[in-house]
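Notes for the one structure printed next.
Chains as they are written, first to last, in my numbering: chain W, 1 to 244; chain A, 245 to 488.
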């Protein structure tokens with residue numbers, strides 16, 4: 001049984017996934033670089049209701065801007081892989097926001113509360129099935145941010161799961177690129193943060209890390225290109241399958 | 245003083261407006277038919293935070309679809325007029341959803357709760373200044389829907405104002421087009437609903453109606469074209485000025 005806008009429908013259950021983090025979860029890939037995903041089993045949340053998934057899924061920025069526009073996200077190919085592999089409906093809850101540091105995702109902050117609200121609305125008509133996280137570039141600016149990341153992440157995930165009444169909900173983290181341009185002043189901190197992600201995966205229940213190895217960045221030196229975003233989403237799905 | 249993401253900033257106050265209703269509030273005008281609005285005083289809510297306003301403001305549908313894509317909304321030119329006329333910052337809270345009937349906007353329904361949640365988030369960093377409503381085409385399908393509209397609208401507005409703690413917040417209603425194509429099976433009910441709107445404006449406090457006279461529809465016979473959406477937004481602003 002499927003509930004949509006309060007009305008019972010004879011339709012499949014939507015398995016929903018929360019998208020949170022910064023620009024590489026929101027998606028900055030160029031649409032023209034990859035084929036459009038058209039899958040009738042893939043949905044996205046709009047105004048609390050499910051619409052057929054079309055990119056950009058996560059409209060955190062202007063769509064038509066040349067630089068840093070909302071674009072192709074790893075979450076779209078994650079959803080497509082899920083639907084193809086399982087033959088089940090999947091819905092994305094877009095709550096990622098570009099340029100945000102983990103301090104902005106702590107409980108009580110606008111982004112955290114927004115993600116909780118949207119997920120709760122989505123849960124009226126779907127089965128919450130996982131959380132997709134990609135974030136950390138903004139926390140590679142100095143060592144202090146880097147070394148306080150682990151505890152902040154644990155606090156955030158625990159609070160999020162508690163708010164959603166979903167203590168055992170899987171969360172998949174994606175590695176940062178280790179080829180971020182020097183222009184972004186991150187030094188070797190992305191590789192250090194990737195190590196922290198793997199420690200988190202062993203310390204936080206139901207948590208896995210998707211590898212960024214071999215993925216390519218756009219000319220801006222920080223955002224995954226569209227083809228790599230597609231590949232990254234498949235890796236997120238593979239990690240998800242290790243848990244569920 | 246301006247509060248953004250919990251941080252006090254020495255910046256102007258954003259005067260925020262909630263966009264609710266169906267497709268002609270969401271906006272279906274063609275971008276290419278009108279000049280882009282670029283006004284540094286105009287913002288839109290994204291993930292609970294303010295971003296510079298760029299259309300489409302209200303991404304309820306696919307952006308790149310040929311038919312019924314998210315497009316130019318009257319709310320964008322409303323915001324632009326407000327900012328130009330008053331020299332003050334204005335922010336839009338996009339919660340409109342195409343094809344929705346007033347029954348779907350009643351208290352407790354997903355769309356109502358979504359609008360309340362988003363407005364409350366917006367109010368952390370803005371001063372709620374008004375509600376923009378355009379809806380009713382979906383309630384012109386039969387007389388029963390038409391004649392129960394008035395009470396439903398009153399119930400919705402009273403509940404919305406109460407939830408937001410904003411009993412005296414202005415609400416501007418826009419008339420339906422009286423030239424909707426016969427393909428939509430609305431008969432002469434749009435003109436009857438327009439009369440009901442004017443009755444509502446005299447019965448509901450702080451409520452005004454913007455005229456649709458002379459505005460043009462797209463070839464689909466139901467959605468205002470982009471130029472008319474721009475004009476309609478100016479009329480909404482004129483009515484707003486009668487109240488504030």
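We treat Cβ as the ideally placed atom computed from N, Cα and C, and that holds for glycine.
Proximity of residue 346 of chain A and residue 382 of chain A at Cβ, strictly below 9 Å
Against the second chain, residue 346 of chain A aligns to sequence position 102. Against the second chain, residue 382 of chain A aligns to sequence position 138. Result yes, Cβ atoms of residue 346 of chain A and residue 382 of chain A sit closer than 9 Å.
Residue 365 of chain A touches chain W at which residues, Cβ-Cβ below 9 Å?
In the second chain, residue 365 of chain A corresponds to position 121, counting from 1. Residues of chain W passing the Cβ test: 110, 113, 114 and 117.
Using a Cβ-Cβ cut-off of 9 Å, state whether residue 125 of chain W counts as contacting chain A.
For the purposes of this step, residue 125 of chain W is taken as the residue at position 125 of the first chain. Interface residue, yes.
Residue closest to residue 21 of chain W, alpha-carbon to alpha-carbon, out of W:133, W:145, W:161 and W:224
Here residue 21 of chain W refers to the residue found at position 21 when the first chain is read from its first residue. The shortest Cα separation from residue 21 of chain W among W:133, W:145, W:161 and W:224 belongs to W:133.
Would residue 105 of chain W and residue 140 of chain W be called neighbours here (beta carbons separated by less than 9 Å)?
By one-based count along the first chain, residue 105 of chain W stands at place 105. By one-based count along the first chain, residue 140 of chain W stands at place 140. Cβ atoms of residue 105 of chain W and residue 140 of chain W: not closer than 9 Å.
Beta bridge counterpart(s) of residue 90 of chain W as assigned by DSSP
Mapped onto the first chain, residue 90 of chain W falls at position 90. Answer is W:15 and W:42, bridged to residue 90 of chain W.
If residue 128 of chain W and residue 169 of chain W are in contact, beta carbons under 8 Å, what's the gap, nearest whole angstrom?
Start at 1 with the first residue of the first chain, and residue 128 of chain W comes out as number 128. Start at 1 with the first residue of the first chain, and residue 169 of chain W comes out as number 169. At roughly 6 Å, the Cβ-Cβ gap stays under 8 Å, so residue 128 of chain W and residue 169 of chain W are in contact.
Any C-beta of chain A sitting closer than 9 Å to the C-beta of residue 76 of chain W?
Locating residue 76 of chain W in the first chain gives position 76, where the first residue counts as 1. Residue 76 of chain W has a beta carbon lying at 9 Å or more from every beta carbon in chain A.
Does the beta-carbon of residue 308 of chain A have 16 or more other beta-carbons within 10 angstroms, so that it is buried, or is it exposed?
Working through the second chain from its first residue, we reach residue 308 of chain A at position 64. By the neighbour-count definition (other C-beta atoms within 10 Å, threshold 16), residue 308 of chain A is an exposed residue.
Just the Cα atoms here: how many angstroms apart are residue 402 of chain A and residue 71 of chain W?
In the second chain, the residue the question calls residue 402 of chain A occupies position 158. In the first chain, the residue the question calls residue 71 of chain W occupies position 71. Taking C-alpha positions only, residue 402 of chain A is separated from residue 71 of chain W by approximately 39 Å.
Bridge partner(s) assigned by DSSP for residue 489 of chain A
No answer is possible for residue 489 of chain A: the residues shown for chain A start at 245 and end at 488.
Member of A:257, A:321 and A:358 whose CA lies at the smallest distance from the CA of residue 275 of chain A
Taking the first residue of the second chain as position 1, residue 275 of chain A is located at position 31. Of the listed residues, the one whose Cα sits closest to residue 275 of chain A is A:321.
Stretch-stretch touch, CB-based, cutoff 8 Å, three pairs: the stretch 385-394 of chain A with the stretch 350-359 of chain A
These segments do not touch.
Where does residue 264 of chain W land, buried or exposed, given buried means 16+ other C-beta within 10 angstroms?
Residue 264 of chain W is absent from the model: chain W starts at 1 and stops at 244.
DSSP on residue 251 of chain A, reduced to helix/strand/coil?
Counting from one through the second chain, the residue named residue 251 of chain A turns up at place 7. With a pLDDT of only 46 at residue 251 of chain A, under 50, the local geometry of the prediction cannot be trusted, and no value is derived from it.
Quick one: what's got a C-beta closer than 7 Å to residue 467 of chain A's C-beta in the same chain, skipping five residues either side?
What you label residue 467 of chain A is simply residue 223 of the second chain in a count that begins at 1. Taken in chain order, the residues that qualify are 267, 268, 272 and 461.
Below 8 Å on the Cβ atoms is my guess for residue 319 of chain A versus residue 336 of chain A; work out the distance and round it to an integer in Å.
Position 75 of the second chain, counted from the start, is the residue given in the question as residue 319 of chain A. Position 92 of the second chain, counted from the start, is the residue given in the question as residue 336 of chain A. The pair is a contact, with the Cβ atoms about 5 Å apart (cut-off 8 Å).
Leaving out the 5 sequence neighbours to the left and right, which residues in its chain are closer than 6 Å to residue 292 of chain A when beta-carbon positions are compared?
Taking the second chain and counting its residues from 1, the one referred to as residue 292 of chain A is at position 48. Taken in chain order, the residues that qualify are 365.
Contact with chain A by residue 42 of chain W, beta-carbon distance below 9 Å
Position 42 of the first chain holds residue 42 of chain W. Not flagged as an interface residue toward chain A: residue 42 of chain W, since no C-beta distance is shorter than 9 Å.
Near residue 201 of chain W, what residues of its chain come up, given a Cβ to Cβ distance below 6 Å and the 5 sequence neighbours on each side ignored?
The residue given as residue 201 of chain W occupies position 201 in the first chain. Cβ neighbours of residue 201 of chain W beyond the five flanking positions: 207, 208 and 209.
Any Cβ of chain A within less than 9 Å of the Cβ of residue 63 of chain W?
One-based indexing of the first chain puts residue 63 of chain W at position 63. Answer yes: the Cβ-Cβ gap between residue 63 of chain W and chain A drops below 9 Å somewhere.
Close-in-space but distant-in-sequence residues of the same chain around residue 5 of chain W (CB under 8 Å, 5 per side omitted):
Counted from its first residue, the first chain places residue 5 of chain W at position 5. Only weak support is given to the placement of residue 5 of chain W: the predicted model assigns it a pLDDT of 49, under 50, and the value that follows is read from those uncertain coordinates. Once the five neighbours on either side are set aside, the close Cβ partners of residue 5 of chain W are 49 and 125.
For a contact defined as C-beta to C-beta under 8 Å, what are the partners of residue 351 of chain A on chain W?
Within the second chain, residue 351 of chain A is the residue found at index 107, counting from 1. Under the 8 Å cutoff, chain W gives no residues; its nearest Cβ is about 12 Å from residue 351 of chain A.
So the candidates are W:180, W:176 and W:196; which of them puts its Cα closest to the Cα of residue 220 of chain W?
Counting from one through the first chain, the residue named residue 220 of chain W turns up at place 220. Closest by C-alpha distance to residue 220 of chain W, out of W:180, W:176 and W:196, is W:180.
In this structure, how does DSSP classify residue 2 of chain W when only helix, strand and coil are distinguished?
Along the first chain, one-based indexing puts residue 2 of chain W at 2. Below a pLDDT of 50, predicted positions are generally treated as unreliable, and residue 2 of chain W, at 47, falls in that range; no measurement from the model is reported.
Using a beta-carbon distance below 9 Å, is residue 25 of chain W in contact with chain A?
Translated into positions along the first chain, residue 25 of chain W becomes position 25. No, its Cβ sits nowhere closer than 9 Å to a Cβ of chain A.
Quick check: the Cα distance between residue 205 of chain W and residue 410 of chain A, rounded to an integer number of angstroms?
As a working mapping, residue 205 of chain W is identified with position 205 in the first chain. As a working mapping, residue 410 of chain A is identified with position 166 in the second chain. The straight-line gap from Cα to Cα measures roughly 43 Å.
So who's on the other strand from residue 344 of chain A, going by DSSP bridges?
Here residue 344 of chain A refers to the residue found at position 100 when the second chain is read from its first residue. Per DSSP, none; premise fails for residue 344 of chain A.
Compare the C-beta of residue 245 of chain A against all C-beta atoms of chain W and say whether one is closer than 9 Å.
If you number the second chain from 1, residue 245 of chain A lands on position 1. Because residue 245 of chain A carries a pLDDT of 40, less than 50, the predicted location of this residue cannot be relied on, and the following value inherits that uncertainty. For residue 245 of chain A, the nearest beta carbon of chain W is not closer than 9 Å to its own beta carbon.
Skipping 5 residues on each side, what residues in its chain have a beta carbon closer than 7 Å to that of residue 459 of chain A?
As a first step, residue 459 of chain A must be located in the second chain, where it is residue number 215. By the criterion of a C-beta distance shorter than 7 Å, residue 459 of chain A is surrounded in its chain by 421, 468, 472, 475 and 476, once the five residues flanking it on both sides are discounted.
What residue does the beta strand (DSSP E) around residue 293 of chain A start on, and which one ends it?
Taking the second chain and counting its residues from 1, one reaches residue 293 of chain A at position 49. From DSSP, the beta strand (DSSP E) with residue 293 of chain A extends over 293-296.
Chain W beta carbons: is any one of them nearer than 9 Å to that of residue 379 of chain A?
Taking the first residue of the second chain as position 1, residue 379 of chain A is located at position 135. With 9 Å as the cut-off, residue 379 of chain A does not count as an interface residue toward chain W.
Can you pull the chain W neighbours of residue 292 of chain A, defined as C-beta to C-beta under 8 Å?
Position 48 of the second chain, counted from the start, is the residue given in the question as residue 292 of chain A. Under the 8 Å cutoff, chain W gives 110, 111, 113 and 114.
Closest by CA to residue 164 of chain W, which one among W:52, W:135, W:18 and W:143?
Walking along the first chain from the start, residue 164 of chain W turns up at place 164. Comparing Cα-Cα distances from residue 164 of chain W to each of W:52, W:135, W:18 and W:143, the minimum goes to W:18.
Span of the alpha helix (DSSP H) holding residue 119 of chain W?
Residue 119 of chain W sits at position 119 when you count from the first residue of the first chain. 110-123 is the span of the alpha helix (DSSP H), which, as asked, contains residue 119 of chain W.
Going along the chain, which residues of its own chain have a beta-carbon closer than 8 Å to the beta-carbon of residue 486 of chain A, five neighbours each way excluded?
Numbered from 1 along the second chain, position 242 holds the residue referred to as residue 486 of chain A. Sequence-distant Cβ neighbours of residue 486 of chain A in its own chain, meaning closer than 8 Å and more than five residues away, are 452.
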